[in-house]
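For reference, the structure discussed in these notes is given below.
Numbering (the working numbering), first residue to last: 172 to 688.
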């Protein structure tokens with residue numbers, strides 16, 4: 172191995188360790204690695220910065236704003252209320268009514284706002300109809316992931332891989348192309364949840380701090396649940412080191428972390444991203460911090476949003492349909508021939524939709540930067556550079572040769588299986604976009620060395636990078652429901668591991684039938 176390969180190998184090992192250690196945001200970790208590659212000459216300044224101008228990355232940024240516009244229109248809240256059955260029902264009947272429509276919605280919207288809006292409403296509804304909320308919250312997170320793999324815009328990972336494909340000189344994915352395999356995985360996953368989630372998931376874990384205790388607290392304080400985001404300034408500090416009351420004017424009564432509940436000696440509890448704090452707060456807390464990125468979700472058991480006009484809901488829905496339909500029709504050969512000078516793709520229509528939403532004030536245009544997850548964008552942009560460094564150094568080619576050697580006697584199905592497993596392990600340990608970045612150049616090198624069409628390998632990366640079911644740390648929506656539902660780490664393993672296996676088997680056997688080698 173030459174110096175470049177050794178350096179890239181050590182840098183990637185360090186990157187994975189830093190991401191698992193979680194002492195710094197993923198974007199900064201990846202940016203650090205990219206700068207190292209720049210310093211030793213593996214990347215040029217142009218190659219380092221190309222990711223920041225990639226259409227896939229910009230499309231993800233615009234989709235954050237589109238999702239926010241739909242969220243603030245109130246359409247999602249109205250939808251889930253109509254889906255949840257009124258009166259006495261069973262877990263199976265409620266899941267059958269709720270999960271398929273949620274999967275459909277998440278195919279076109281960012282998963283996080285869907286879960287942020289739906290989770291507290293579902294929890295209140297479950298308490299009202301005397302059903303365990305724990306039977307619904309993990310399935311809610313999982314079906315948003317399953318829905319996301321069915322379209323180009325369903326998850327940022329699909330757009331990242333699509334951008335890398337275009338950069339490599341190949342034809343990218345169309346809007347519903349990934350649905351050719353994604354729909355089979357989604358249907359199988361939802362049927363699995365119908366059949367087994369009720370048996371595998373725990374019964375309700377009642378909150379230690381009860382509503383009856385509110386009168387013992389000073390003033391007009393009431394109970395609020397706050398899920399900590401990555402930008403919360405007290406991450407990796409104890410409550411004793413970080414004075415929550417001084418910062419936010421609320422009193423911490425309980426901390427839910429990793430399925431455990433802490434109600435005593437709270438000053439010694441270390442805070443992590445995804446932890447849920449049970450607070451006593453006044454009426455100003457949610458209006459003040461409701462749109463702050465320091466909290467992933469705030470819920471107080473009441474309707475937190477102001478009434479929104481039907482006109483805005485229909486406008487948001489109409490714009491979403493316009494964007495999806497336009498991007499789908501724009502990719503048709505007849506349209507490409509009719510307008511050869513313009514590329515009427517998802518990037519084109521998401522730009523138009525975002526601008527219309529801003530000018531019609533579906534989201535506050537003066538605050539638009541608050542609704543974009545900049546760390547995800549930096550992670551994506553740096554992922555392109557890391558992928559390029561793996562190609563430039565020869566590291567990707569070396570790994571590809573080893574993978575081909577391992578599967579030499581087993582054929583292309585074995586190669587898909589190995590690539591899926593590698594990508595899926597990375598996804599559960601680090602971030603889905605970083606996992607796709609590490610796997611893409613390897614997939615491209617495998618296909619190049621074999622002289623086959625790389626598309627099946629690209630598709631399997633999309634499926635594997637999104638299939639984060641076995642741990643709560645692999646996907647932000649899993650972190651959110653872990654705190655809200657009081658789940659333990661093992662709850663995700665019990666329900667999620669078979670779902671990972673289902674995704675693996677369908678991907679490995681169905682993908683080659685649709686996209687030939």
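We put the CB at the ideal spot given by N, CA and C, even for glycine. Please read all numbers here as calculations on a predicted model, not as lab measurements.
Among all the DSSP beta bridges, which residues are the ones paired with residue i?
{"i": "residue 409", "result": "441"}
{"i": "residue 396", "result": "449 and 470"}
{"i": "residue 292", "result": "Per DSSP, none; premise fails for residue 292."}
{"i": "residue 425", "result": "449"}
{"i": "residue 432", "result": "427"}
Judging by CA-CA distance, which residue of the options is the nearest neighbour of residue i?
{"i": "residue 267", "options": "657, 412, 371 and 362", "result": "362"}
{"i": "residue 246", "options": "498, 220, 182 and 280", "result": "280"}
{"i": "residue 293", "options": "231, 470, 594 and 599", "result": "470"}
{"i": "residue 487", "options": "530, 510 and 445", "result": "530"}
{"i": "residue 365", "options": "537, 263 and 350", "result": "263"}
{"i": "residue 517", "options": "667, 234 and 446", "result": "234"}
{"i": "residue 327", "options": "606, 663 and 657", "result": "606"}
{"i": "residue 273", "options": "238, 688, 395 and 316", "result": "316"}
{"i": "residue 179", "options": "201, 641, 564 and 329", "result": "564"}
{"i": "residue 621", "options": "404, 438, 582 and 194", "result": "582"}
{"i": "residue 678", "options": "350, 542 and 193", "result": "350"}
{"i": "residue 680", "options": "325, 651 and 584", "result": "584"}
{"i": "residue 592", "options": "553, 635, 614 and 551", "result": "635"}
{"i": "residue 626", "options": "187, 333, 282 and 216", "result": "333"}
{"i": "residue 576", "options": "211, 617, 210 and 306", "result": "617"}
{"i": "residue 227", "options": "239, 551 and 433", "result": "551"}
{"i": "residue 244", "options": "615, 528 and 637", "result": "528"}
{"i": "residue 666", "options": "654, 251, 184 and 308", "result": "308"}
{"i": "residue 305", "options": "225, 654, 676 and 687", "result": "654"}
{"i": "residue 484", "options": "250, 195, 624 and 224", "result": "250"}
{"i": "residue 608", "options": "367, 330, 656 and 420", "result": "330"}
{"i": "residue 420", "options": "434, 435, 456 and 406", "result": "456"}
Which residues bound the beta strand (DSSP E) around residue i?
{"i": "residue 601", "result": "Unbroken run through residue 601: none, as it is neither H nor E."}
Which residue marks the beginning of the alpha helix (DSSP H) containing residue i, and which one marks its end?
{"i": "residue 686", "result": "Premise fails: residue 686 is in no alpha helix (DSSP H) and is neither H nor E."}
{"i": "residue 218", "result": "216-220"}
{"i": "residue 328", "result": "327-338"}
{"i": "residue 236", "result": "226-243"}
{"i": "residue 563", "result": "545-564"}
{"i": "residue 252", "result": "246-254"}
{"i": "residue 191", "result": "174-192"}
{"i": "residue 513", "result": "Counting along the chain, residue 513 falls outside any alpha helix (DSSP H), and DSSP gives it neither H nor E."}
{"i": "residue 138", "result": "No information on residue 138 is available, as it lies outside the stretch 172 to 688 that the chain covers here."}
{"i": "residue 313", "result": "305-319"}
{"i": "residue 363", "result": "350-371"}
{"i": "residue 267", "result": "262-277"}
{"i": "residue 637", "result": "626-637"}
{"i": "residue 508", "result": "504-509"}
{"i": "residue 201", "result": "197-210"}
{"i": "residue 649", "result": "647-656"}
{"i": "residue 417", "result": "415-419"}
{"i": "residue 458", "result": "456-460"}
Excluding five sequence neighbours on each side, which residues of the same chain lie with their C-beta closer than 8 Å to the C-beta of residue i?
{"i": "residue 255", "result": "265, 268, 269, 292, 293 and 296"}
{"i": "residue 569", "result": "172 and 176"}
{"i": "residue 391", "result": "453 and 454"}
{"i": "residue 214", "result": "205, 208, 556, 559, 560 and 563"}
{"i": "residue 190", "result": "197, 200, 600, 601, 602 and 605"}
{"i": "residue 683", "result": "583, 584, 587 and 627"}
{"i": "residue 416", "result": "422 and 423"}
{"i": "residue 404", "result": "413, 418 and 465"}
Under the criterion of a Cβ to heavy atom distance below 7 Å, does residue i qualify as lining the ligand SAH?
{"i": "residue 567", "result": "Among the components modelled here there is no ligand, and therefore nothing to report on the ligand SAH."}
Using C-beta distances below 7 Å, list every residue in its chain close to residue i, excluding the 5 sequence neighbours before and after it, in chain order.
{"i": "residue 502", "result": "345, 346 and 516"}
{"i": "residue 271", "result": "361"}
{"i": "residue 382", "result": "Note that residue 382 has pLDDT 45, beneath the 50 cutoff, so the model's placement of it is unreliable and the number below is only indicative. Excluding sequence neighbours, residue 382 sits near 394."}
{"i": "residue 335", "result": "555, 558 and 611"}
{"i": "residue 566", "result": "176, 179 and 180"}
{"i": "residue 371", "result": "665 and 666"}
{"i": "residue 685", "result": "351 and 352"}
For residue i, which residues in the same chain have their Cβ closer than 6 Å to its Cβ, ignoring the five residues on either side in sequence?
{"i": "residue 181", "result": "none"}
{"i": "residue 524", "result": "237, 490 and 494"}
{"i": "residue 278", "result": "318, 321, 322 and 325"}
Item to check | Stretch-stretch touch, CB-based, cutoff 8 Å, three pairs: the stretch 196-213 with the stretch 549-561 | outcome: yes
Next on the checklist: If contact is defined by three or more beta carbon pairs under 8 Å, each pair taking one atom from either stretch, is the stretch 339-354 in contact with the stretch 290-305?
Outcome noted: no
Checklist entry - Is there contact here, the stretch 671-679 with the stretch 461-470, by at least three beta-carbon pairs under 8 Å? => result no
Checklist entry - Does the pairing of the stretch 621-641 with the stretch 220-236 give three or more beta-carbon distances under 8 Å? => result no
Item to check | Three or more C-beta pairs below 8 Å linking the stretch 352-360 and the stretch 400-414 | outcome: no
Next on the checklist: For the structure I just gave you, are there three or more beta carbon pairs, one from the stretch 438-453 and one from the stretch 396-405, closer than 8 Å?
Outcome noted: yes
Checklist entry - Should the stretch 419-439 be regarded as contacting the stretch 448-456, the criterion being three or more beta carbon pairs within less than 8 Å? => result yes
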